[in-house]
Amino acid sequence: MTEKNTEPGNGPQEEKSDVEKKEIPQGSEVDLPQEVSLQNASEKAEPIENEERDGGDVASDDEILFPMEEEKRSTSRSPLSRVARGLLMMFFLGVIYLMGYGTQPEVFNHWVEDAGGWFDKGVNKARPFGEEMYKKTVEMVDKIHGTESGSSQPMGSDNMKMKGKRKVKYWKAPMVPGYTSDRPGKSPMGMDLIPVYEDEEGGLVSVDPVMVQNIGVKTEVAEKIVLRREIRTVARLTYDERMIHHIHTKYGGWIEKLYIDFTGQEVNKGDLLMEIYSPDLVSTQEELIVALKYNEALKESAFTEIRRGASRLLESTKRRLQLFDVPQHQIDELIQNKQIKKTMHIHSPVKGFVVHKKAQHGMHVEPGNPLYTIANLSNIWVLADIYEYEVPWVKLGQQAEMTLSSFPGKTFKGKVTFIDPFLDPESRTLKVRIEFPNPNWALKPEMYANVTLKEEITEKDIAIPEEAVIYTGEKTIVIVQRPKGGFESREVLLGVTSQGYVRVLEGIEEGEQIVTSSTFLIDSESRLKEALGKLGGKIKPLAEKSSKKIILKEMPSAHKNSEPPLHKNH
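Just so we're aligned, residue 227 is where the sequence shown starts under the working numbering, counting upward by one.
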């Protein structure tokens, strides 16, 4: 028998715990209080009822040392989830089929064309809406800026008065970079052009004075000067074509004797060249003698008409000999002596040199056959080659100077007398003819000479050095130093170039400082500033440097990799 705990404060619950903690041997009977026995009986009855409902044996709580967790019964799937799974499976199968069908080249190209067509249709439909929204946005921005500018400067202030006196340099488009105009109007986007004033510093490039000195910036004042154009070229001497004479006969015959019998021989005017026999000349001489006798016989006739007829016959016969170029002294000798001569003379009509000679002793001559070519060298032609870009600065009457290696230190002066109306297709040059006097025949045809053409191109006009001009291909730029500091890139319109200077038609005023060196550095700085201005001056900062370190290790050699490492047992 166990003793009851009679200490004060102990109740029935404490007694129950004491009873549960004690080990009761199997088969022994223990007297328990009535309350405890009833409670245990009720607790045992509940598992038995549960066991009967479930249809299995369930152990009591007192007998289970390690209770197991009850397995959760799986809920049955609803019909809706099964349909969703089926649809999803069909969708994946359809995607796989389309991927296999669409990878064919002709199908893929067709799909791409259809997609591009639908995209273009969408863009065309959305473009009017986008343009309308853009215009409204621009109008709102203009109104806001207009209100801000109006509120910042009250009417009647000194700033407004100064703005009214400012000179507009040009007008530019607010939303189209690079679009400028010399008058107000509308931009290509339909917006009002805004003025740019001459005193605005927006287009200037500021360079530190120390940097200006380091890069060697040099300036020169733009001033009005007289430009002289000098064209230097190579020329060739030739004959004056107007002073070349061809000697030939107007009748047929045979050359009986030659007096000028080699090429290059000098002849004077009237010198005898040859004697020629011609049956036509002999018969004409006979007619002249008959006409003389007939005129003398009828000289005292009482009939006036007969005397005039005889006189006209004599004159016509003499005229016929003159037309055959028979010398006048031979005609006079024939009239005086009344004796027929076998040969007639041919004299030189000019003074010069025999350039070509085809006459030979005893040769038969036909009317029109050239016998001699005689050139007068008292005036010489010089043919100069002028390139296409130099043609605008050549004109008739232009003074020219010529030097030859045959006459060192001597300069010949002449003038331009003719400019060819066409270019040589092979050399792409223009022939310019210059005439030089040659009284002593010192200048010889086919000589080569150096010719210089000089001409005043303009009167006094603004000119700047050639090295100050930057040619970009689309326009020409000059860097101007402003009086208040800074540099400005300015587009100019240029004229002719001469003696290292180029004429400025537009863009530069007299007295402005023009940069002549380091222009490309300043121009690149100006372009960078312009590009940053178009981007709003926003520059993406550099990313922070990574704190990671890179450790380089030496690669093991081939023989080391082939041998396994040795391990020592400790």
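Think of the CB as a built atom: it goes at the ideal place given N, C-alpha and C, for glycine as much as any other residue.
- For residue 356, the three-state secondary structure derived from DSSP is helix.
- Beta-carbon to beta-carbon, residue 601 and residue 486 are separated by about 14 angstroms, too far to satisfy the 8 angstroms threshold.
- Residue 539: member of the alpha helix (DSSP H) spanning 530-549, first to last residue.
- For residue 593, the CB contacts under 8 angstroms within the same chain, skipping 5 residues up- and downstream, are 474, 475, 476, 477, 478 in chain order.
- Membership of residue 661 in the beta strand (DSSP E) is indicated by the continuous run 655-663.
- The way I'd put it, the stretch 488-497 doesn't touch the stretch 608-625; fewer than three beta-carbon pairs between them come closer than 8 angstroms.
- The alpha-carbon of residue 572 is positioned some 21 angstroms away from that of residue 542.
- Judged by DSSP secondary structure, residue 555 falls within the alpha helix (DSSP H) whose first and last residues are 554-563.
- Looking at the DSSP output, residue 485 shares a beta bridge with no other residue.
- Membership of residue 724 in the beta strand (DSSP E) is indicated by the continuous run 713-724.
- In this structure, residue 640 places its C-beta atom within 7 angstroms of the C-beta atom of residue 626.
- Residue 708 and residue 366 have their alpha carbons spaced roughly 36 angstroms apart.
- Exposure of residue 350 is indicated by the presence of fewer than 16 other C-beta atoms within 10 angstroms of its C-beta.
- When beta bridges are read from the DSSP output, residue 638 appears opposite 628.
- Residues of the same chain with a CB within less than 6 angstroms of the CB of residue 504, apart from the 5 flanking positions on each side, are 477, 479 in chain order.
- Residue 479 sits in a strand when the DSSP states are folded into three classes.
- The three-state secondary structure of residue 515, taken from DSSP, is helix.
- Take the alpha-carbon of residue 694 and the one of residue 454: they are about 19 angstroms apart.
- Per DSSP, reduced to three states, the secondary structure at residue 633 is coil, with no helix or strand assignment.
- Take residue 524, set aside five residues on each side of it, and the residues of its chain with a beta-carbon closer than 7 angstroms to its own are 532, 533, 536, in chain order.
- In this structure the stretch 506-526 touches the stretch 555-566; the number of beta carbon pairs closer than 8 angstroms is three or more.
- Residue 728 is positioned such that its CB atom lies closer than 7 angstroms to that of residue 692.
- Assigned with DSSP and collapsed to three states, residue 336 falls in helix.
- Here the stretch 415-425 makes contact with the stretch 393-400; the two share three or more CB pairs at distances below 8 angstroms.
- Where residue 572 is concerned, the enclosing beta strand (DSSP E) starts and stops at 569-573.
- Residue 501 and residue 482 do touch by the CB rule: their CB atoms are close to 5 angstroms apart, below 8 angstroms.
- Per the DSSP secondary-structure output, residue 421 pairs in a beta bridge with 397.
- DSSP, read as helix, strand or coil, puts residue 622 in coil.
- For residue 610, the enclosing beta strand (DSSP E) stretches over residues 605-613.
- Residue 703 sits close to residue 696, with the two beta carbons spaced by under 7 angstroms.
- Excluding five sequence positions before and after residue 466, the CB atoms of its chain that fall closer than 6 angstroms to its own CB belong to 605, 607, given in chain order.
- Inclusion of residue 680 and residue 492 in the CB contact set at 7 angstroms is not warranted, their separation being larger than that value.
- Bridge partners of residue 686 according to DSSP: none are assigned.
- According to the DSSP assignment, residue 450 belongs to the beta strand (DSSP E) that extends over 449-451.
- In the DSSP assignment, residue 587 falls outside any beta strand (DSSP E), carrying neither H nor E.
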